[in-house]
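By full-length UniProt numbering, the letter at position 131 of the sequence shown is numbered 131, and the numbering carries on one by one without gaps.
Note that CB positions come from ideal geometry on N, CA and C, so glycine has one too.
Please read the structure below before turning to the comments.
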Amino acid sequence: MSDIQNKWDERYREAVVNYPEPALVLEQNQHLLPKHGHALDLACGLGANALLLAKHGLQTQAWDISGEALTKLAVEAKRRQLDVLTEKRDVSAAPPAKNRFDVIVVSHFLDRVLCAQLVDALKPNGLVFYQTFCRNKVENKGPQNPEFLLADNELLHLFAGLKIRAYREENLLGDITQGWRNQALLVAQKS
Numbered sequence: 001m002s003d004i005q006n007k008w009d010e011r012y013r014e015a016v017v018n019y020p021e022p023a024l025v026l027e028q029n030q031h032l033l034p035k036h037g038h039a040l041d042l043a044c045g046l047g048a049n050a051l052l053l054a055k056h057g058l059q060t061q062a063w064d065i066s067g068e069a070l071t072k073l074a075v076e077a078k079r080r081q082l083d084v085l086t087e088k089r090d091v092s093a094a095p096p097a098k099n100r101f102d103v104i105v106v107s108h109f110l111d112r113v114l115c116a117q118l119v120d121a122l123k124p125n126g127l128v129f130y131q132t133f134c135r136n137k138v139e140n141k142g143p144q145n146p147e148f149l150l151a152d153n154e155l156l157h158l159f160a161g162l163k164i165r166a167y168r169e170e171n172l173l174g175d176i177t178q179g180w181r182n183q184a185l186l187v188a189q190k191s
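And the structure:
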């Protein structure tokens, strides 16, 4: 068992009091989802995104390095009577195969090398929904290591070959007591 797996298993070992909500990028843009197809919640954690995708009628897979998180997701999916196929997987070491998914969702995970492989894993007209933390943030939430934080407009560069359907990154602009801060989100479509 790797140190990374141990870290995440320990985090998810604690009881879940309130199941998390889906990522804002997916919740606010779910109207863009196809009526059918194959979806992946990558580095899914407790799989709130996977549950929304399955509820929407997509054949949904949820991959994560933490077996603890996946066990909780499987229990929650069964409770909600949803089909979610979980797989314990180091997504950086074993990325998805080419031309496999109509939708890929990533939230609060950043592996820059993997982004090009996610584009390859999308089928034609496939969508990526991506949301994670930025370096320029109002609050000290999320990771502190710059390796896991986006630079300004970095998501646009990481997915430059796709059509941008939605993008939001407010960072430190304007009245920082208002708006949506600390993260960037992107919805992009493969041609």
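Where the beta strand (DSSP E) containing residue i begins and where it ends
i: V25; result: Counting along the chain, V25 falls outside any beta strand (DSSP E), though it belongs to the alpha helix (DSSP H) covering L24 to E27.
i: Q183; result: Q183 to Q189
i: residue 275; result: Because the chain here runs from 1 to 191, residue 275 falls outside it and cannot be looked at.
Residue environment, residue i, which counts as buried when at least 16 other CB atoms sit within 10 Å
i: N140; result: exposed
i: A94; result: exposed
i: A184; result: buried
i: N171; result: buried
i: E87; result: exposed
i: V84; result: buried
i: L113; result: In the sequence under discussion, the amino acid at residue 113 is Val, which differs from the Leu named in the question. Label assigned to V113: exposed.
i: D175; result: exposed
i: I4; result: exposed
i: Q131; result: buried
i: A160; result: exposed
i: E169; result: buried
i: W180; result: exposed
Three-state secondary structure assigned by DSSP to residue i
i: N6; result: helix
i: R13; result: helix
i: D102; result: strand
i: E170; result: coil
i: C44; result: coil
i: N49; result: helix
i: A62; result: strand
i: L155; result: helix
i: V91; result: coil
i: L32; result: helix
CB contact flag (residue i, residue j, <7 Å)
i: L155; j: L186; result: yes
i: residue 198; j: D90; result: No answer is possible for residue 198: the residues shown for the chain start at 1 and end at 191.
i: A48; j: Y12; result: no
i: L82; j: L52; result: no
i: T71; j: A39; result: no
i: D41; j: V105; result: yes
i: R100; j: A77; result: no
i: L162; j: K190; result: yes
i: A62; j: A50; result: yes
i: A166; j: N29; result: yes
Those residues which DSSP pairs with residue i across a bridge
i: H38; result: Q59
i: C134; result: L150
i: F109; result: None; F109 has no bridge partner.
i: R163; result: Sequence inspection shows Lys at residue 163; the Arg mentioned does not correspond to that position. For K163, which the question treats as bridged, DSSP gives the partners Q189.
Limits of the alpha helix (DSSP H) - the one that residue i falls within
i: K78; result: G67 to R79
i: Q117; result: R112 to A121
Closer than 6 Å: residue i CB and nearest the ligand FMN heavy atom
i: A93; result: As far as ligands go, the structure on display features none, and thus does not contain the ligand FMN.
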